[in-house]
Each structure stands twice: as C-alpha cells, then as structure tokens.
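Sequences listed follow chains A and B, in order. Residue numbers for the first sequence follow the numbering used here, so the first one is 883 and each next one is one higher. Residue numbers for the second sequence follow the numbering used here, so the first one is 883 and each next one is one higher. Every residue, glycine too, gets a C-beta built ideally from N, C-alpha and C. Okay, so here's the structure we're looking at.
There are 2 protein chains.
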Amino acid sequence: MNGQWQLISRPVGMVKESDFGYVEEPVPDIGDNELLIRNLYFAFEPAMRGWITDAKSYIAPVQLGEVMRASTVGQVIESNNPDFKPGDFVTGMAGWQEYFITDGSAGLMGRGASKIPDGIAPELMMSALGGTGLTAYFGMLDIGKPKTGDVVVVSGAAGATGSVAGQIAKIKGASKVVGIAGGSEKCRWLTSELGYDAAIDYKSENVAKRLRQECPDGINIFFDNVGGQILDDALLNMAMNGRVVLCGGISSYNELELPPGPKNYMQLVIQRCTMEGFILIDYLDRAEEAVNDLSSWIQSGQLKHAEDIQEGIENTPKTFLRLFEGKNIGKQLLKIAEPPL
Amino acid sequence: MNGQWQLISRPVGMVKESDFGYVEEPVPDIGDNELLIRNLYFAFEPAMRGWITDAKSYIAPVQLGEVMRASTVGQVIESNNPDFKPGDFVTGMAGWQEYFITDGSAGLMGRGASKIPDGIAPELMMSALGGTGLTAYFGMLDIGKPKTGDVVVVSGAAGATGSVAGQIAKIKGASKVVGIAGGSEKCRWLTSELGYDAAIDYKSENVAKRLRQECPDGINIFFDNVGGQILDDALLNMAMNGRVVLCGGISSYNELELPPGPKNYMQLVIQRCTMEGFILIDYLDRAEEAVNDLSSWIQSGQLKHAEDIQEGIENTPKTFLRLFEGKNIGKQLLKIAEPPL
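See the structure below:
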C-alpha cells in the first residue's frame, strides 16, 4: 500500500495539520518504460505554503484531494526504464507519499526523477545541492551580484536558503555578512559554524538599530526571505546603489490578509537601489553549473550545510509546520524510510 | 530690493502657505566675476516637498530662514563675468527670490546659472528640457528600458514628468501607453493631445479593474510618480520580467506618517520583476544627450509639452500647493516678471 498525505482543506491563515489527510492506496503495477520509486525523504520549504493557496502564482496550486507537492529523494525499487535500475537513488517532486511511479522524464520541479550522482549523500541533494541551495546560488549571484568588499545582510539566515546565501556572499568576497535569525541558538550557529561576521536575533534585539551599528556605511546587498518589519528595517539602511534580492516573505505567508508592504520602499529612490524578485525555475537550465560550484565549495570546506531531520511519515504535516514555528536550523527534512536495497 | 520667500516653519502633514514667509532685502553689489540675475520664472516639482522635511535624503534639507530652493529661469542684469552678458537668459536653482547673484559656476542642481541656448523658449527650459523632462528621459530610457511592443503605464501621467515619460515610451516603440491621472480633463488631454492610447481617471474609476482591461497581458513598464494604492494596483498587473520605475510617490509626500507600503510587492517575485529608484542628479553628465533628443522630438512634433503658468511672486506658495491639489496640467510654473531687457 502507498501511504500518502493529501491536501484536504485550503488553510485559512496559519496552516494546520488538519489541512492534510492521510490515506493509503494500492501501489499500481508499472508500465512500459516506467519505474517504481520508494521515497526516503521529504523536503520542506516555506514556498510550499503558497502552493496550497488558490491564487494565481508562478505554479498551479495543489488541488484538494491531491497528494501534497514536495521535493523528495527516493530509491528505485523496480524499473522498466533502461536509464534506471533498482537501487538507484533519485530526486524529484514525488510529493508526500511512500511510493511513486514515473517514466523518469521530468526534472527538478516536475513529477519525475533525476538520478543522484554516486558519492553524494541523499540529504545533501535536498539541501545545499537541492532547490534551496540552488535558490541561494542564483539569487545571490545573479540578482545580488556580490562584489569584493560588499556588506551583505541575509534574513531568515538560519534557514536552508539563507544559510547558503550568506556563505556564497562570503566566498565571493563580501567584506561583511550579517545574518538575521530568530533566537540565540540560530545566531550562535551563524557566527560560530557558518562564518557569518555578525548575527541579529530579531526576537530579542532591535533590528534597525543593530543594522545601523553593524553596517555603518549601509547594506550593499539585502537578501530577503522574510519581509515585513525586517524588510523595512533593511530598506532604511541601504547603501547607495544597493540591491534588495527578494527571495521570499515568510512573515506574511500565513496571514489571513496581505499585511501592509514595506513603508520605506521610497528609500529605493533616495539610495538609487534595485529590488528584484526571482524564482529558481527560471534557472534550471543552469543547474549543473550551480551543483558543480556548490559541490566544490562543500568539498573545500568553504560551504557548510545543515539538515534538521525528523522521522516518520505520520509526522509529515507536523514537520511542515516546523518551518513556520521557526524550529529548523538548516534544511527541514523528514526521513520516512531507510534505503530498502 | 530683493523680494524672497523663505521657509519659516517645517510643514507637519500637508504643506501650507504659512510655512513660507515673504521678506525683502537689499540687492548687494556684484563682485569680481559675478553676475546679477533677475528671475522671471519659478518651477515647481513635488520633490520640493521632500526638500523641506528634516530627514536624511539625497539632498540637504532647506533650512529655516533660508530662501526656498527651486529651479528658475532668469535674465542677466549686470555681469562682471566674461561668460555672461546682460540680456542672457539663464537657468539654475536660484530659489524663490527676485534677484540672485552667482559666479555662474554651478549647473542644473547647483546655485549657479547655465546659459539657455538661443531660440529655446525659457518656459521650455523649465519643462520638457528642464529637470522634469530630463527625469522622464533617464527614468524611462535607463531604468524602464522600453522595447518595441512593450505595454507601458505611467501614473501622475498629466504631470510634468509623467506626460513626457509616456510620450518617450511611445517614441521608443511601446505598443500601448496608458496614463493614470486625476480627473476627466487630464485624461482627455492625455489621449487627445499627447497620444496616450488610454487614460484612467483614478478619481472616478477602479484603477485595478481598468488596468486588467487595458493591459490583458500585463504591464511591461510601470513608471510611478504616485505610490500608494495606484502602485499596488499596478503591481498586481505586472507582466513577467516587468520593470517598475520608481520616480516619485506624491501620494505620501504630505502624510504625517509614512503610510503602509505596497502590500503586493511579492508580485515582484511571482512575476520576476525589478523595482528600481533613480534620481536625476546621477545623470547630469549626460544632460546634453537628453536635451538634444528631447529638442529634436519637440521639433519633429513627436513630443508635446505643456506648462501651467501662474503669475505674481505673491502667489508663490499658493502655486506650489497646486501640485498637491492636482490642479496643474503639465509643468507648474510661476511667472514673476517680464523679460526686463
């Protein structure tokens, strides 16, 4: 039987465990050219909150009664496809279910499967080398365009994307990288493990004041995963010709109505700044370049990665909620099975 | 005697006539290399509201007791400077006063004087060929980067900058230019005189709905002079990879506190758009290029310009307020004297 978590109600305000329902269905036989995958890990991202809202966006919403969309790592169990053999580790968007049948055709954002190269840990394929790592890579490099000597600030800095984004800025010569995160444990991790030069705990500190202290000549790049008051505080501290990289806005994802926008947006005029949004799916044809760079930085020890791994398919919605409770440090994963082969 | 309007109190909320005081002072003798200018016109821009607020900005605030900063056109009365002779028309930032002494050294934004080329009407030098015309030129071309076929929307479209910006987009091949303005008279002017393809009266129409109707495939360039609800409406209608040119935000200039920002700013992510601010002073070394292009478009009839000319130095603060009352069509000027020579 294939255990799966389906979307059963559209969340109103904060997403709840009860917005998802667990069902079991028989696993069908595979057809010509198809393969059967047993999922081992589910990956969680704040953007998934947007996928269950019925609004026009960059990707169609998950329908009620549909398996929740999510990126996954699994292992091939059976294969009628010459490109895959039992035991292969694959990554894809199989969603919240134990088993998945595909012809293997689609890539990172499609409901297919891509083979994971030998020697790469499956967890890594979902964190620093997965969607969030690639988002950090293209957002920081293509939108932020860090230059030697830049002062870079990252919000949501202890999350899967933020933690990688700040380290990339440092690798590219930023003179100072400041992270904004919630809680002293995350802040300590940023400075002691990831090489961030400073960390601001938005739960206990005055972010605007600390940004003025840490960035007396202004922020050259603000990489934003949060929005809300933190974006406004950063806008007030931008340097001339600075860039605001809009990656996400987790502070508003569970709001019943859109909260007010950044009241300091006219600082973009006063300081001649750019604020630009981007989405990873536009960069998938350059995924190999990103994976190569990220892998080599990991091997050389310049890029650290971290995963928060929960266990058990019964904990799937609960694990998703950890993102919005600010519980994860690094990539939020759920392990639902040991490699069976 | 030199009649002058000084800033005597910092406005709180809506600027009032009583924030300025009229005084007369003797006109001093000119020194070596100096010239005495009699001002003929004052020019008014919404940005001047920012210059009398005591906040860090791109230019130092006007101090209490100082002559109000403004761009001007005047005529040289006396000159000890070989570059200027009596009768020359000059433009500069002489401020709200009848007479002005300078060594002629500073340019467009400084307290100096630049000679107006023969054959150019002084009013034109303050409108389409002045600061607001150049702002439209660089904002539309360098930040908006119009391409053939683009759909372009301009807010504050009947103002001095907006009216020029939309026409430049059309000259550069925009397939459709839509103006947003207040009142049916302005809207009629945009479509019947300036060649705008459509106009939306924000005072009587639902801007969001009209934008959806007029721009069914989205807005490629939104040139914003207004901010507030109009910016939010435009953000909801952006096309993929669109550009929001932040030129101004007149809707908030007289607010006691900064109003909420654009709640739809995350559309910049969903549609992968850029929102970018700019200020004319960064482009002054390219002023000649702009004046040449704008002049040739005016001569060929492709670019129309309009001035709202009030009269009498006693009406200076009242004329400034016309900008915020939405009374002007085209450039707001005040004529304070006939050419004396």
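When C-alpha distances from E960 (chain B) are compared across B:A952, B:F971, B:R951, the shortest belongs to B:F971.
Exclusion of the five residues before and after E916 (chain B) leaves N962, N963, I983, T984, D985 as the residues of its chain whose Cβ lies within less than 7 Å of its Cβ. For the C-beta of Y940 (chain B), the chain A residues within less than 7 Å are, from N- to C-terminus, I1152. Taking the beta carbon of M896 (chain A) as reference, no residue of chain B falls within 9 Å; the closest one sits roughly 18 Å away. With 16 or more neighbouring CB atoms inside 10 Å of its own CB, L1076 (chain A) falls in the buried class. In the DSSP assignment, D1164 (chain B) is bridged to no other residue. In the displayed model, Y904 (chain B) falls within a strand according to three-state DSSP. Counting along the chain, N1197 (chain A) sits inside no beta strand (DSSP E), nor does DSSP assign it H or E at all.
Distance from the Cα of A1039 (chain A) is smallest, within the candidate group A:E1139, A:G1064, A:K1054, A:P1141, for A:G1064. The Cβ of L1072 (chain A) sits no closer than 9 Å to any Cβ of chain B. Inclusion of A1056 (chain A) and G1021 (chain A) in the CB contact set at 9 Å is not warranted, their separation being larger than that value. Neighbours of G1183 (chain A) in chain B, taken as residues whose beta carbon is under 9 Å from its own, are absent, since the nearest beta carbon is some 32 Å off. Taking the beta carbon of Y1147 (chain A) as reference, the chain B residues within 9 Å of it are G1109, L1113, L1128, G1131, G1143, P1144, Y1147, M1157, G1159, listed in sequence order. If you look at L918 (chain B), you'll find it in the beta strand (DSSP E) that goes 917–926.
Less than 9 Å divides the Cβ of V1126 (chain B) from the Cβ of L1117 (chain B). The closest CA to that of D1115 (chain A), considering only A:E1096, A:N1136, A:A1090, A:G1124, is found on A:A1090. With contacts defined as CB atoms closer than 9 Å, R920 (chain B) and A1188 (chain B) fail to qualify as a contacting pair. For I934 (chain B), there is no enclosing alpha helix (DSSP H), since its DSSP letter is neither H nor E. When secondary structure is reduced to three states using DSSP, T1030 (chain A) falls in the coil class, being assigned neither helix nor strand.
Taking C-alpha positions only, A1003 (chain B) is separated from F924 (chain B) by approximately 14 Å.
In the displayed model, L1185 (chain B) falls within coil according to three-state DSSP, outside both helix and strand. For Y981 (chain A), the uninterrupted beta strand (DSSP E) run begins and ends at 981–984, by DSSP. Taking the C-beta atoms as reference points, Y1135 (chain B) is found nearer than 9 Å to F1206 (chain B).
In the three-state DSSP reduction, K1145 (chain A) falls in the coil class, being neither helix nor strand.
G932 (chain B) is not a Cβ neighbour of I890 (chain B), given a cutoff of 9 Å.
Looking only at B:Q1214, B:P1221, B:T1198, the smallest Cα-Cα distance to G885 (chain B) is reached by B:T1198.
With a cutoff of 9 Å on beta-carbon distance, I1101 (chain B) and V1033 (chain B) are scored as near each other.
For the options A:D1099, A:S1037, A:P1098, the alpha carbon positioned closest to that of Y1078 (chain A) is the one of A:S1037. Comparing alpha carbon positions, the residue from A:D914, A:E907, A:G895 closest to I1132 (chain A) is A:G895. Interface with chain B (9 Å Cβ-Cβ cutoff): D1083 (chain A) is excluded. Taken through DSSP and simplified to helix, strand or coil, I1053 (chain A) comes out as helix. I1152 (chain A) places its beta carbon less than 9 Å from that of S939 (chain B).
The beta carbon of K1209 (chain B) is closer than 7 Å to none in its chain, skipping five residues each way along the sequence. Non-local beta-carbon contacts of V1059 (chain B) in its own chain, meaning distances under 6 Å to residues more than five positions away in sequence, involve V1034, G1048, A1051, K1052, Y1078, D1079 in chain order. Using a 10 angstroms sphere on the CB of G1212 (chain B), the tally of other CB atoms reaches 16 or more, which defines it as buried. Leaving aside the five residues that flank L1072 (chain B) on each side, the residues in its chain whose CB is nearer than 7 Å to its CB run, in chain order, A1039, A1040, G1061, A1063, Y1078, A1081.
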